[in-house]
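Numbering-wise, numbering that gives the first Met the number 0 puts 162 at position 163 of the sequence shown, and it's gapless, one number per residue.
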Amino acid sequence: MNKTIPFFGKFLGGRNLNELKQTIIRLENQNIYPIIDYIKEINSTHTEVNDNVEMIDKCGNMFPDRFYAIKMSAFIKKDEKITKGFDKCNNLIFRLLMNGNKVMIDAENVLIQDNIDKMTDDLIDNYNNTEINIFKTYQMYRRDSYEKLYNDLEKYNNLGVKLVRGGYYHSDRYTGKLFDFKEDTDKSYEDGCMAVLMQRKITDKNIGMIVATHNHRSITMVRDMIRKSQRDKNLTFFAQLLGMNSELLEQLNKTGFNTMQYVPYGKFMDTLPYMGRRLYENYDILKYSFF
């Protein structure tokens with residue numbers, strides 16, 4: 000047996016729906032919300048695209064009333080324009096929502112992200128009229144993300160915000176869109192968290208926030224700012240990656256904060272692009288993942 004599979008298996012929710020079910024049960028028994036994420040990203044044929052839709056549909060029916068992460072690029076063939084997959088994505092999301100699910104639209108690389116933002120805005124207009132059903136992802140290593148977040152906080156009454164630092168640094172670092180120094184990304188991330196909390200404080204808007212990070216300082220900052228507000232605690236989720244152990248996440252869970260873990264699932268070979276990005280961006284914490 001290839002020894003790589005057990006290694007990567009720690010970070011994967013399963014290769015099929017039965018294995019995924021066991022991971023979901025395990026996390027929910029610990030009061031952790033799973034974020035279900037079908038991992039296939041690159042499609043060579045329209046048949047593969049349709050297979051992606053069918054798999055996510057099947058999962059949405061089998062596991063209702065949960066959180067799902069969706070990549071827009073899962074709905075096109077390689078080298079097709081990202082906008083071509085919107086109708087398939089929109090129809091699938093409608094069916095997921097009919098089963099009581101919430102949907103996060105993942106951020107992707109610089110070349111397609113602006114179009115993804117526009118399509119996500121259309122989904123928000125369609126499905127967030129009375130409650131938060133769609134979460135938009137903001138990559139805070141991008142120089143323009145804080146402004147986008149600020150404008151959306153002003154624009155929408157029901158907004159789901161997922162804040163990440165960003166997972167495409169290796170491919171996007173020379174585009175001029177990203178901060179040059181980690182300290183600037185950290186500041187941007189924490190400014191984004193504070194902007195959400197401030198908007199909640201000065202308005203009655205319904206703004207959900209997913210603090211998706213393993214950064215200890217960012218997590219403790221948000222925790223300390225919301226610990227005395229039940230409304231803020233209800234609307235805030237701390238999310239991390241499956242398999243990357245965090246004592247802080249466990250402490251948050253035990254003390255009444257909402258916690259989540261990303262649960263990627265799918266065929267092993269389809270997971271490699273995802274796992275490559277995750278391991279690259281979280282290299283510093285890998286040494287803590289096996290204890």
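Backbone N, C-alpha and C define an ideal beta-carbon position, used for all residues, glycine too.
Counted within 10 angstroms of its Cβ, other Cβ atoms place residue i as buried (16 or more) or exposed
i: Q299; result: In the structure as shown, the chain starts at 0 and stops at 290, and residue 299 therefore has no counterpart that could be examined.
i: P33; result: buried
i: H45; result: exposed
i: K70; result: buried
i: F236; result: buried
i: E153; result: exposed
i: F66; result: buried
i: S72; result: buried
i: E40; result: buried
i: P263; result: buried
i: F180; result: exposed
i: T3; result: At T3 the pLDDT is 46, less than 50, meaning the model places this residue with poor confidence; the figure from the coordinates comes in the next sentence. Exposed, since its Cβ has fewer than 16 Cβ neighbours within 10 Å.
i: T119; result: buried
i: E53; result: exposed
i: E130; result: exposed
i: G265; result: buried
i: R199; result: buried
i: D78; result: exposed
i: F289; result: A caution first: F289 carries a pLDDT of 35, below 50, which makes its placement in the model unreliable, though a value can still be read off. F289 should be labelled exposed.
i: D113; result: exposed
i: T202; result: exposed
i: D124; result: exposed
i: T254; result: exposed
i: I24; result: exposed
i: N42; result: buried
Those residues which DSSP pairs with residue i across a bridge
i: Q260; result: P33, Q239
i: K135; result: I104, V160
i: R141; result: L177
i: G13; result: Y264
Contact belief for residue i with residue j at Cβ below 8 Å, rounded distance in angstroms
i: Y261; j: L247; result: No, Y261 and L247 are not in contact; Cβ-Cβ is about 16 Å, not under 8 Å.
i: M139; j: S187; result: 4 Å
i: N51; j: F85; result: Their Cβ separation, rounded to whole angstroms, is 14 Å, which puts N51 and F85 out of contact at 8 Å.
i: G191; j: Y145; result: 6 Å
i: N157; j: N205; result: 5 Å
i: L16; j: M61; result: 6 Å
i: A106; j: T136; result: 4 Å
i: D116; j: K80; result: Not confirmed; about 15 Å, so no contact.
i: R222; j: F256; result: 7 Å
i: K101; j: N132; result: 6 Å
i: L196; j: D151; result: So it is not a contact: roughly 15 Å between Cβ atoms.
Same chain only: Cβ atoms within 6 Å of residue i, ignoring 5 sequence neighbours per side
i: M103; result: A68, F134, K161
i: G99; result: P63, D64
i: V109; result: D171, T174, K176
i: G165; result: Q138, Y140
Own chain, CB closer than 7 Å to residue i, minus 5 neighbours either side, in chain order
i: F178; result: Y140, R142, T184, S187
i: E189; result: S217, M220
i: Q239; result: H213, S245, L248, Q260
i: R94; result: D56, G59
Chain-order list of residues whose beta-carbon lies under 8 Å from that of residue i (same chain, five-residue window excluded)
i: Q29; result: N252
i: T270; result: F7, L11, I38, P263
9 Å Cβ cutoff, residue i in contact with chain B
i: I225; result: Looking for chain B here will not work: only one protein chain is present.
Unbroken alpha helix (DSSP H) runs of length 4 or more, entirely within the stretch 37-103: which are they?
-> 45-61, 85-97
In chain order, which beta strand (DSSP E) runs of at least 3 residues are fully inside the stretch 174-230?
-> 205-211
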